[in-house]
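To start, the structure under review is shown below, and the notes come after it.
Protein chains in written order, with my numbering: chain A, 97 to 340; chain B, 3 to 337.
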C-alpha cells in the first residue's frame, strides 16, 4: 500500500522549474532514499510535500487522502513529519522542551508530554543533553535533536533532510544506526535526502534520483548507481563519455 | 487540575529566586502597616498595575516574540466599560470587569485575525495604528464624554464599597490590586508551562519548524493575543475605579502602550519575573521624573528621551533584558 503518493508534482520559482512533473510512491514500512546533485530540487520536493510551498501542478496523497492543498500544520497532524537542514534554534527552549513541543500535539498535559519527550531523548541517545540549549550542542547532536523533535509528533512517515551533512565518519555511523532503529524498532516509514552515498547505500531499500527537478532514475540502490543517466548527472556528460 | 498544580509549582526556580520573591511578597503584604508617604503608596499601586500590564504583554510579546505596541486600546476598552456601566446602571465592578474583558477579547479577535498576517516591524506598526484609531473614535464619541472623558461620581457611594470598588484611601485599592497581582503571577506560571506557552516559544524560535510540528501558528498567536488582552482589560477596569476620571488621552495614548512593552522588555521578555522587574525599575523612575523634573520649566518630555535611550540600550546590549543577563551569567557558571 502506498503511504505517500506523489503524482506529477511541479513547482516553479519564477522562471526556474525546481520540480518538473515528479511522480513516485513511498510504500508503508520502507526506507526510501532521495538523491541527486546539488540544486536538483530535493529539498524543494520535501517542502512541497510537507505543505511549506504551494505547488503549481500535480497532487500529493498521504494515506489515500489528498493533502495537496493542506497547510503544513494540518499535514503534520496527519502524521507526516520532517526535519530541516538547518535546525535554527536561537531561542530559549532547551533540548527537552524542544521535543516536548512536538509531543504537545497529542496531549494537553505537560506531564505526559514531558514523559514522552524523556523517552525519545533516551531512544535518541540524548539523555544527558536535555538541559542544554540546541545552540550549545555539537552539530551531530543537533541533528539528532532535529529528528527527536519530529518524532515527538508520532509520525507515520518521517522525511529526513540531510541529517548526516557535516558529520565525521564515526558520527555518520552513529546516526545511521539511529535511523535504522527509527525504521525497524519504531516502525516508522522513512524517506531521506542524503549526499553521503555510503549511508544511502547502507540504509535505503530503494532510491529515487532527481536531476534538474526531474526524476531520472528509481529503484534498487545498487543498480541505480550504475545507471548511465545517474552517473552523467553526478559527474557531467564528458566524464561519463570518457570513462564508461 | 494539572493546570492548578502547574500554577502553584515554582520548583524549577533556584532557591535564591524563590527566597527573593517570597521576601518581596511579604514586603508587599505588610507595607501599608508601616508609616509611608502617599507618594510611596501611589507609586507602589502604579508598580502593581504596570506589572500586570507587563505580564499580559509578556504572553504574546515575550513568549511569542510578537512586539505589540497597541495594548492601551484594551486598557481603554476595560476602563470605559466599567466607568460607563457604573455611571449609567450602577453596575458592580465584578460584573462590568468581565463584560469589559468580553468586549476587549472580541475586539482583539476582530483585529487579531488580519494583524497576525503581518510580521515583525509591520505587525508592531499595525498594532500602534489600531490603538490610535480606537483612541480617536473615543475622542469624538460624545456618548462616552468625547475627549473630556468621564468621571466616576464617588460621592454617592458608601465607602468602602467592595461591590463597586469605590474607596476613599489608597489602602483598599492597594490590597485589591495586590490580589490581582498574585493571581497574575500564578496564571503566568501556569501559562508558561501550558501547551500554548510551549507552542508560542517554538513559534518565536522558528515559525516553519513550529508549523512542521503541527502548530497552527496564526491561531496560536490570535489566542495568545486574546489572553494578553484579557489581562490588560481587567486591570484597565481597576484603573478606572482607582483614578475615577478617565479620558482617551491618558488611558489610550501611545505612551502607555510603549511603556507597557518597554517595562516587560527591560525586565526580560519571555520570563516570569521580567515584567515585574521592569516595572520595579521604570515605575519609580517615571514617578520621580514626573514629580521633580517635569515640574521644572523646560524639562517636559525628558522622560520620553530617557525611555528612548533605554529601548536603544536594551536592543543593542541584551534583547532579553535584565533577566536575560541573569540567566546568561548563570548558564556561563554552569557550563
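Ideal Cβ positions, reconstructed from N, Cα and C, are used throughout, including at glycine.
Could you give the residue range of the alpha helix (DSSP H) that holds residue 108 of chain B?
Counting along the chain, the alpha helix (DSSP H) containing residue 108 of chain B begins and ends at 95–117.
Neighbour list for residue 201 of chain B in chain A, Cβ cutoff strictly below 9 Å
197, 200
Using beta carbons (cut-off 8 Å, strictly below), is residue 213 of chain B in contact with chain A?
yes
Can you pull the chain A neighbours of residue 4 of chain B, defined as C-beta to C-beta under 8 Å?
Going along chain A in sequence order, the residues near residue 4 of chain B (Cβ under 8 Å) are 205, 206, 207.
Anyone know if the C-beta pair for residue 79 of chain B and residue 214 of chain B falls short of 8 Å?
Not in contact: residue 79 of chain B and residue 214 of chain B (Cβ atoms no closer than 8 Å).
Please state if the CB of residue 117 of chain B and the CB of residue 129 of chain B are separated by a distance shorter than 8 Å.
yes
Within chain A, partners of residue 197 of chain B - CB distance below 7 Å
200, 204
State the beta-bridge partners of residue 311 of chain A as determined by DSSP.
A/306
Is the Cβ of residue 255 of chain B closer than 8 Å to any Cβ of chain A?
no
Buried or exposed for residue 179 of chain A, please, with buried defined as at least 16 other CB atoms from any protein chain shown within 10 angstroms of its CB.
buried
Would the beta-carbon of residue 117 of chain A fall within 8 Å of that of residue 140 of chain A?
no
Between residue 11 of chain B and residue 189 of chain A, how many whole angstroms is the CB-CB distance? I'm expecting something under 8 Å.
By a beta-carbon distance limit of 8 Å, residue 11 of chain B does not contact residue 189 of chain A. Their separation comes to about 19 Å.
Between residue 330 of chain B and chain A, is any beta-carbon pair separated by less than 8 Å?
Residue-level contact check: residue 330 of chain B does not touch chain A, since none of the beta carbons of chain A fall below 8 Å from its beta carbon.
Length of the line joining the Cα atoms of residue 286 of chain B and residue 39 of chain B:
14 Å
Can you tell me where the alpha helix (DSSP H) with residue 259 of chain B in it begins and where it stops?
Following the DSSP letters along the chain, one finds residue 259 of chain B inside the alpha helix (DSSP H) bounded by residues 256–269.
In chain order, what residues of the same chain lie with their CB nearer than 7 Å to the CB of residue 171 of chain B, ignoring the 5 residues before and after it?
none
Mind checking the segment 280–303 of chain A against chain B and listing, in chain order, the residues whose C-beta falls within less than 7 Å of any C-beta there?
Answer set for the segment 280–303 of chain A: empty.
Check whether the Cβ atoms of residue 110 of chain B and residue 65 of chain B lie closer than 8 Å to each other.
Remark: C-beta atoms of residue 110 of chain B and residue 65 of chain B do not approach each other more closely than 8 Å.
Nearest residue (CA-CA) to residue 149 of chain A, options A/323, A/157, A/165:
A/165
Going along the chain, which residues of the segment 5–27 of chain B sit with their C-beta nearer than 8 Å to a C-beta in chain A?
Hits within the stretch, in order: 8.
Consult DSSP for residue 137 of chain A and reduce its assignment to one of helix, strand or coil.
coil
Based on Cα-Cα distance, which residue from A/282, A/313, A/287 lies nearest to residue 328 of chain A?
A/313
Do residue 280 of chain B and residue 56 of chain B have their C-beta atoms within less than 8 Å of each other?
yes
Can you tell me which of B/293, B/251, B/41, B/304 puts its alpha carbon nearest to the alpha carbon of residue 147 of chain B?
B/251
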